[in-house]
Amino acid sequence: MITFYVLQKTIGIDKGGINSSSFMHANELYKLNLGNVYLVHIEPTQIKKQDLEFNLHAEKGLMEGVGVLQPDQFLSKSDQANWLLSLIKNDLKRNEKVFIINEDKSLFQMVVLYKHIFTNLKLIQVIHNNHMDLHGGVKEQYQYMFDRQNEVDKFIVLTKQQKFDLIDTQLIRPEKTVYLPNAISENVFIRKEVNLRKEINIFTRYNDRQKGITKFLTQIMPPVIAQVPNVHVNFYGALNKPEESSVAQPFIKIVNENKLYNNVTINDYVNGEIKRNLMSRTLFTVLSSNYEGMPLTILEMAQYGVPTIAFDVKYGPREWINNNENGYLVDNGDVDLFVKRMIYLLTNPELTHKLGIQAQATVKNKYQDTKVMLIWSELIAKLVDINFK
1 MITFYVLQKT
11 IGIDKGGINS
21 SSFMHANELY
31 KLNLGNVYLV
41 HIEPTQIKKQ
51 DLEFNLHAEK
61 GLMEGVGVLQ
71 PDQFLSKSDQ
81 ANWLLSLIKN
91 DLKRNEKVFI
101 INEDKSLFQM
111 VVLYKHIFTN
121 LKLIQVIHNN
131 HMDLHGGVKE
141 QYQYMFDRQN
151 EVDKFIVLTK
161 QQKFDLIDTQ
171 LIRPEKTVYL
181 PNAISENVFI
191 RKEVNLRKEI
201 NIFTRYNDRQ
211 KGITKFLTQI
221 MPPVIAQVPN
231 VHVNFYGALN
241 KPEESSVAQP
251 FIKIVNENKL
261 YNNVTINDYV
271 NGEIKRNLMS
281 RTLFTVLSSN
291 YEGMPLTILE
301 MAQYGVPTIA
311 FDVKYGPREW
321 INNNENGYLV
331 DNGDVDLFVK
341 RMIYLLTNPE
351 LTHKLGIQAQ
361 ATVKNKYQDT
371 KVMLIWSELI
381 AKLVDINFK
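Final position of the sequence shown in the working numbering is 389; the numbers increase by one with none missing.
What follows is the structure, encoded as structure tokens:
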């Protein structure tokens, strides 16, 4: 019997405060049928437990068998800190094997402390983003983790390229890293119409440093609008969640100052059926990011036959996009080519549709969760004595 705790920092779930990979990993572990799987909020949310579970299961796609845990909001800070520790202690007393899958680097120091207390606890740290800053140095929080890799059983990275870079630069030893990509669990593939309106929907965080939104609005959109006046670009993300590095007000200001309001909207976060409807009518999407980890939105869009134009940044786009086959990969910083690619797809809907079909084929063939579950099985079998049937 194994108990899996999938940990994430508690942020506003009703406004996009859940890392999609968190419940994706929880679902994958649950399907292995090895024991109990819990998605854990380290701090209490402001939502009733019943509403929280409904949101996760009905709107976010968390499987019904995955438990949702959070401390009581009336506990003191010290008691909140000890809350999960007591759960782990009780599991180990019952001779259960316990895994922590930590999805948030800000929780690393806490989970390493747990590892010190319970040496037979298995700790897996997920790396969700580029570990390098824009100046070529290692980000401080990641360096802290890498310096303590002896206290971690495995690091999960989402792309082959990042795994190679981490090993090549000797930041992590080869035996500590596992490549486990984001994957799609819903077997839903929508064949779209060819002649959609010129609508581009983008699901993101309003974080300019990572997502390059100012560059997109000020350098890319004006020449695109000049050639395709009826284009509509709609952003969706948490409007004011500084704890998530998502604040939309600067971009609303840019839209107004540059008179883009007839072509660009800045919208609040959406999920569930609303998000699915938006994806189904998206002509294509764009990724103007300066850096990434492995953007799940590319896979989600591909299910709906939506190709992506992306700058070739680390990490993710190159691993997913086959240039001119299922989308367009543009050299990082080549704004002129990015503009040309957008105009070309906006004015050639049949080609856009063709790229979308290939994007669907890519996610079907390479990014189904059945393939990822095999990696999970091998990873777990290396850490505990267990046989998979």
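By construction, the Cβ of each residue, glycine as well, lies at the ideal position given by its N, Cα and C atoms.
With distances taken from CA atoms, which of the options is nearest residue i?
i	options	result
Lys-60	Trp-83, Phe-23, Gln-73	Phe-23
Leu-180	Ile-127, Tyr-142, Ala-226	Ile-127
Ser-106	Ile-42, Ile-200, Met-342	Ile-42
Ile-375	Trp-320, Lys-48, Pro-307, Lys-154	Lys-154
Leu-351	Val-335, Ile-321, Leu-283	Leu-283
Gln-125	Phe-235, Asn-55, Gln-8, Met-342	Gln-8
Lys-366	Asn-322, Leu-113, Ile-213, Glu-96	Asn-322
Glu-199	Leu-217, Ser-185, Val-178, Val-228	Val-228
Val-255	Thr-218, Val-138, Ile-309, Asp-331	Thr-218
Gln-143	Leu-346, Thr-169, Ile-252	Thr-169
Val-138	Ser-76, Gln-162, Ile-47	Gln-162
Lys-259	Asn-332, Ala-226, Asp-268, Gly-327	Ala-226
His-25	Phe-4, Thr-45, Ile-343, Leu-345	Phe-4
Asp-334	Ile-309, Glu-319, Pro-349	Ile-309
Leu-346	Pro-242, Asn-230, Glu-151	Asn-230
Gln-50	Gln-141, Gln-70, Asn-90, Pro-349	Gln-70
Val-112	Leu-123, Glu-103, Asn-95	Leu-123
Could you give the DSSP three-state label for residue i: helix, strand or coil?
i	result
Gly-327	strand
Val-316	The residue you asked about is not Val; residue 316 is Gly in the sequence shown. Gly-316 falls in the coil class under three-state DSSP.
Tyr-367	coil
Ser-394	Nothing about residue 394 can be reported from this structure: the residues present for the chain run from 1 to 389 only.
Glu-199	strand
Val-111	helix
Gly-272	helix
Met-1	coil
Ile-343	helix
Asn-240	strand
Taking the beta strand (DSSP E) that residue i falls in, what are its first and last residues?
i	result
Leu-123	122–127
Phe-235	232–236
Val-178	177–179
Phe-99	97–102
Leu-171	No beta strand (DSSP E) holds Leu-171; DSSP gives it neither H nor E.
Might you give, ordered along the chain, the residues of its own chain that have their beta carbon closer than 7 angstroms to the beta carbon of residue i, omitting 5 neighbours on each side?
i	result
Leu-296	Ser-20, Ser-21, Asn-182
Val-64	The residue you asked about is not Val; residue 64 is Glu in the sequence shown. Taken in chain order, the residues that qualify are His-57.
Val-339	Ile-220, Pro-223, Val-224
Ala-302	Ala-359, Gln-360, Thr-362, Val-363
Ile-357	Gly-305
Leu-32	Met-373, Trp-376, Ser-377
Pro-121	Residue 121 is actually Leu in this sequence, not Pro. Same-chain partners within the cutoff: Ile-88, Val-98, Ile-100, Tyr-114, Lys-115.
Leu-75	Trp-83
Asp-72	Pro-44
Pro-307	Phe-284, Asn-326, Gly-327, Thr-352, Leu-355, Gly-356, Ala-359
So, at 8 angstroms on beta carbons, what are the nonlocal neighbours of residue i in its own chain, with the 5 sequence-adjacent residues on each side left out?
i	result
Lys-211	Thr-204, Arg-205, Ser-288, Ser-289, Asn-290
Glu-292	Asn-129, Asn-130, Gln-210, Val-313, Lys-314, Tyr-315, Gly-316, Pro-317
Ile-172	Phe-146, Gln-149, Phe-155, Leu-166
Thr-214	Asp-208, Pro-250, Phe-251, Ile-254
Glu-325	Leu-355, Gln-358
Glu-28	Ala-183, Ser-185, Asp-369, Val-372, Met-373, Trp-376
Phe-216	Val-286, Ser-288
Thr-119	none
Any idea which residues DSSP pairs residue i with across the strands?
i	result
Lys-154	Ile-124
Gln-8	His-41
His-25	The partner list for His-25 (beta bridge, DSSP) is empty, contrary to what the question assumes.
Val-286	Ile-309
Asn-264	Looking at the sequence shown, residue 264 is not Asn but Val. BP columns for Val-264 point to Val-233.
Gly-67	Tyr-38
Ile-184	Gln-368
Met-279	Answer is none; Met-279 lacks a bridge partner.
If I measure Cβ to Cβ from residue i and keep anything under 6 angstroms in the same chain, skipping five residues before and after, which residues do I get?
i	result
Ala-248	Tyr-206, Leu-239, Ile-266
Leu-84	none
Asn-201	Asn-234, Leu-278, Thr-282
Asp-14	Bear in mind that a pLDDT of 49 at Asp-14, under 50, signals an unreliable position, so the number given afterwards is only what the model happens to contain. Cβ within range, chain order: n/a, list empty.
Gly-272	Glu-59
Leu-337	Val-330
Val-152	Leu-123, Gln-125
Leu-383	Lys-122, Asp-153
Kindly indicate the opening and closing residues of the alpha helix (DSSP H) around residue i.
i	result
Leu-299	296–303
Glu-140	140–147
Lys-77	77–93
Ala-226	221–227
Phe-54	49–54
Lys-210	As written in the sequence, residue 210 is Gln, which differs from the Lys given in the question. First-last of the alpha helix (DSSP H) with Gln-210: 208–211.
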